[in-house]
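Q:
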Amino acid sequence: EAFRIDFAVRIALSKLLARRAGAPLPTLIIDEGFGTQDSSGIEKLKEAINSIQDDFDKILVITHIEELRDAFPTRIDVVKTAQGSTLSLS
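Heads up: the sequence shown begins at 1 in the UniProt record's numbering, then just goes up one per residue.
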């Protein structure tokens, strides 16, 4: 629950500061932090991210959690191999 509260406060502060500066807020990057969430918490986070998608041109979610990776229509998968990392778009 603390993570979800922190997430909400950070989004609200970002939007407030951007509005005060008269600057657009085109991209939101959410980097990990979901590991503390149970399946109910992950579901609530997916709903929260979807509810704010109209506020941003792009939302990038970086995660290793399968349930969260499959929640979005477009994915960039990064796979580490012996020859280096590969990217695939799906």
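Cβ atoms here follow ideal geometry from the backbone N, Cα and C, with glycine treated the same way.
Measure the beta-carbon distance from Asp77 to Ser90 and round it to whole angstroms, keeping in mind my assumption that it falls under 8 Å.
A: 7 Å
Q: Applying the criterion that 16 or more other CB atoms from any shown protein chain within 10 Å of the CB defines a buried residue, is Ile5 buried or exposed?
A: exposed
Q: With C-beta atoms as the reference, is Ile30 less than 8 Å away from Val9?
A: no
Q: Of the residues Asp38, Leu28 and Leu13, which one's Cα is nearest the Cα of Lys58?
A: That would be Leu28, whose Cα lies nearest to the Cα of Lys58.
Q: Strictly by DSSP, which residues pair up with Ile49?
A: In DSSP, Ile49 forms no bridge with anything.
Q: Excluding the 5 residues flanking Phe72 on each side, which residues of the same chain have their C-beta closer than 7 Å to its C-beta?
A: In the same chain as Phe72, and ignoring 5 residues on each side of it, the C-beta atoms closer than 7 Å to its own belong to Val61, in chain order.
Q: Assuming Ile65 and Phe34 make a contact with CB atoms under 8 Å, what is their CB distance in whole Å?
A: 5 Å
Q: What did DSSP end up calling Leu60 once you bin it into helix, strand or coil?
A: strand
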